[in-house]
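The structure appears below as structure tokens.
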Amino acid sequence: MKIKKSELERVAVKKEQYPNEDKVEIAFAGRSNVGKSSFINAMLRRKNLARTSSTPGKTRTINFYNVNDKFRLVDLPGYGYARVSKTEKEKWAGIINEYLETRENLIEAILLVDIRHEPTDLDKQMYEYILDLGFSGIVIATKKDKIKKSQENKQVDAIAKKLEMPSKDNIITFSSEKKDMVDEMWYIFNDMIKFHKESE
Ligand SMILES: Nc1nc2c(ncn2[C@@H]2O[C@H](COP(=O)(O)OP(=O)(O)OP(=O)(O)O)[C@@H](O)[C@H]2O)c(=O)[nH]1
Ligand SMILES: [Mg+2]
Numbered sequence: 033m034k035i036k037k038s039e040l041e042r043v044a045v046k047k048e049q050y051p052n053e054d055k056v057e058i059a060f061a062g063r064s065n066v067g068k069s070s071f072i073n074a075m076l077r078r079k080n081l082a083r084t085s086s087t088p089g090k091t092r093t094i095n096f097y098n099v100n101d102k103f104r105l106v107d108l109p110g111y112g113y114a115r116v117s118k119t120e121k122e123k124w125a126g127i128i129n130e131y132l133e134t135r136e137n138l139i140e141a142i143l144l145v146d147i148r149h150e151p152t153d154l155d156k157q158m159y160e161y162i163l164d165l166g167f168s169g170i171v172i173a174t175k176k177d178k179i180k181k182s183q184e185n186k187q188v189d190a191i192a193k194k195l196e197m198p199s200k201d202n203i204i205t206f207s208s209e210k211k212d213m214v215d216e217m218w219y220i221f222n223d224m225i226k227f228h229k230e231s232e
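Printed below as a string of structure tokens:
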């Protein structure tokens, strides 16, 4: 995929603020600090278009990134950040759920998990929710550069087991640091967009 243009098109916390539904969207969900914003930067080959932080809870809004004026990548707020109040957590959950449940032009919601850790109960909940909404259940296991190659299979198995995935083929390992799977990832996204267009 040649990225001719990428920009932060809109920042929203509620439906009225979303951009119009003229372009298809692929959204990224996952715990705070798992690397959602870094993933978007890696894919768009931009260093700091999506703001990242080593402290969890950086992205607190829905950020819509326009790519080539053709589709959008959507960065969702992270969940599971312990150091915020219950009210704040509920507010973020509301922001995420409203988007996932009502967005007509959303063609895929993809869960990101950290390859180093077993997914949490919240991850499991989010994954089931994504499946219930009818998305295909692709999982991106981030921060691959932080483990040894020899550990990869074991970690992927643990993720598939915890999320009760019928097959681990739906797990794609990724490193935003190394960026070695960016082209492969674009093939997958391209197929999603193409498939959606054909089935319209
Ligand atoms: N080594 C390594 N570090 C990564 C990778 N992806 C993200 N990080 C680091 O992990 C931290 C969190 O990354 P973010 O992209 O901000 O995470 P996020 O999921 O957007 O977090 P929230 O916005 O809080 O939900 C940052 O310090 C990143 O540099 C990766 O593939 N490899
Ligand atoms: Mg973020």
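Note that my numbering has the sequence shown beginning at 33, numbered continuously upward. Even for Gly, the Cβ is constructed at its ideal location relative to N, Cα and C.
- Message: For the structure I just gave you, are there three or more beta carbon pairs, one from the region 52 to 62 and one from the region 104 to 124, closer than 8 Å?
- Response: Here the region 52 to 62 lies against the region 104 to 124, with 3 or more beta-carbon pairs under 8 Å apart.
- Query: Cβ of residue 114 versus every heavy atom of ligand 2: is any distance shorter than 8 Å?
  - Reply: The sequence position of residue 114 within the sequence shown is 82, counting from 1. Because no heavy atom of ligand 2 lies under 8 Å away, the Cβ of residue 114 does not count as near it: no.
- Message: Here's the rule I'm using: 16 or more other beta-carbon atoms within 10 Å means buried, otherwise exposed. How should residue 169 be labelled?
- Response: Sequence index remark: in the sequence shown, residue 169 carries index 137 (1-based). By the neighbour-count rule (16 or more Cβ atoms within 10 Å), residue 169 is buried.
- CB of residue 98 within 9 Å of CB of residue 40, strictly: Taking the first residue of the sequence shown as position 1, residue 98 is located at position 66. Taking the first residue of the sequence shown as position 1, residue 40 is located at position 8. Yes, the Cβ-Cβ distance between residue 98 and residue 40 is below 9 Å.
- Taking the alpha-carbon positions, what's the residue 130 to residue 112 distance? Along the sequence shown, read from residue 1 onward, the residue named residue 130 stands at position 98. Along the sequence shown, read from residue 1 onward, the residue named residue 112 stands at position 80. If I take the Cα positions, the gap works out to 17 Å.
- Task: Could you name the residues that DSSP lists as bridge partners for residue 96?
- Result: The residue given as residue 96 occupies position 64 in the sequence shown. 42, 106.
- Look up residue 82 in the DSSP assignment and say whether it is helix, strand or coil. In the sequence shown, the residue the question calls residue 82 occupies position 50. Judged by DSSP in its simplified three-state form, residue 82 adopts coil rather than helix or strand.
- Message: I'd like to confirm the pairing. Which residues does DSSP put opposite residue 146 in its beta bridges?
- Response: The residue labelled residue 146 in the question sits at position 114 within the sequence shown. Residue 146 pairs with 174.
- Item | Alpha carbon of residue 81 to alpha carbon of residue 92, nearest angstrom | Here residue 81 refers to the residue found at position 49 when the sequence shown is read from its first residue. Here residue 92 refers to the residue found at position 60 when the sequence shown is read from its first residue. If I take the Cα positions, the gap works out to 15 Å.
- Message: Is residue 177 close to ligand 2? I mean its beta-carbon at under 8 Å from any heavy atom of the ligand.
- Response: Position 145 of the sequence shown, counted from the first residue, corresponds to residue 177. Every heavy atom of ligand 2 is 8 Å or more from the Cβ of residue 177, so no.
- Message: In this structure, how does DSSP classify residue 133 when only helix, strand and coil are distinguished?
- Response: Position 101 of the sequence shown, counting from 1, holds the residue named residue 133. Looking at residue 133 - three-state DSSP - the assignment turns out to be helix.
- Item | Local conformation of residue 62 per DSSP, three classes | The count along the sequence shown starts at 1 and reaches residue 62 at position 30. In the structure shown, the three-state DSSP call for residue 62 is strand.
- Task: Report the rounded CA-to-CA distance for residue 208 versus residue 94, giving the unit in angstroms.
- Result: Stepping through the sequence shown from its first residue, residue 208 is reached at position 176. Stepping through the sequence shown from its first residue, residue 94 is reached at position 62. When rounded, the distance between both Cα atoms is 20 Å.
- Message: Taking a contact to mean a Cβ-Cβ separation below 9 Å, would you say residue 147 touches residue 176 in this structure?
- Response: As a working note, residue 147 is residue 115 in the sequence shown. As a working note, residue 176 is residue 144 in the sequence shown. Against a cut-off of 9 Å, the Cβ pair of residue 176 and residue 147 comes out as a contact.
- Let me know the beta strand (DSSP E) ranges lying completely inside the region 157 to 223, each 3 residues or longer, listed in chain order. Taken in chain order, the unbroken stretches of beta strand (DSSP E) that lie wholly in the region 157 to 223 and span 3 residues or more are 171 to 174, 203 to 205.
- Message: Is the separation between the beta-carbon of residue 56 and that of residue 96 shorter than 9 Å?
- Response: Position 24 of the sequence shown, counting from 1, holds the residue named residue 56. Position 64 of the sequence shown, counting from 1, holds the residue named residue 96. Contact: no.
- Message: Here's the rule: buried if 16 or more other CB atoms are within 10 angstroms of the residue's CB, otherwise exposed. What is residue 164?
- Response: Within the sequence shown, residue 164 is the residue found at index 132, counting from 1. Exposure of residue 164 is indicated by the presence of fewer than 16 other C-beta atoms within 10 angstroms of its C-beta.
- Message: Am I right that residue 74 and residue 188 are in contact with their C-beta atoms under 8 Å? What's the rounded C-beta distance?
- Response: Looking up residue 74 in the sequence shown gives position 42. Looking up residue 188 in the sequence shown gives position 156. Not a contact, Cβ separation roughly 19 Å.
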